[in-house]
Amino acid sequence: MDDAEDTLTKILKGAVTDIMPHKDLVIDAVHDLVRDEIKRYIRQKLDEDPELKQEIKDAINEYLSAKVKEVNAALRLAKSGAKLGLNLIPDHLRQEVSRDIVNLFEKEIGEIFERGL
Numbered sequence: 008m009d010d011a012e013d014t015l016t017k018i019l020k021g022a023v024t025d026i027m028p029h030k031d032l033v034i035d036a037v038h039d040l041v042r043d044e045i046k047r048y049i050r051q052k053l054d055e056d057p058e059l060k061q062e063i064k065d066a067i068n069e070y071l072s073a074k075v076k077e078v079n080a081a082l083r084l085a086k087s088g089a090k091l092g093l094n095l096i097p098d099h100l101r102q103e104v105s106r107d108i109v110n111l112f113e114k115e116i117g118e119i120f121e122r123g124l
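Residues 8 to 124 (the numbering used here) make up the sequence shown, in order.
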């Protein structure tokens, strides 16, 4: 009978463990609740001060515009760097390398558009 009881105990213990959420899951849920409460409190304070809310919106728009300009500048640098690199290549290899670079950029841009759509 001891073997049967041990087996039954193991089965029940396993079933209870499977049903009960893991401690990490509970901790993550509590973290999410705390984050949500903090967000609610911040939104409430911003709703009470429309001038501050607008100031933050303006700052975010300025930040995003700066990021777009940063990406644009990086692309222009890459283009200029590619041109410089092509000027450094001997004439007999320039056309072949140019074609390879164009194919690479076409592929990359195509993938960007696919992800964006």
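Glycine included, each C-beta is placed from N, C-alpha and C at the ideal position. Fair warning: this is a prediction, and the values are worked out from it, not measured in the lab.
Distance CB(residue i)-CB(residue j) smaller than 8 Å
i, j, result
"L93", "S105", "yes"
"K60", "L53", "yes"
"I108", "A85", "no"
Three-state secondary structure assigned by DSSP to residue i
i, result
"P57", "helix"
"I96", "coil"
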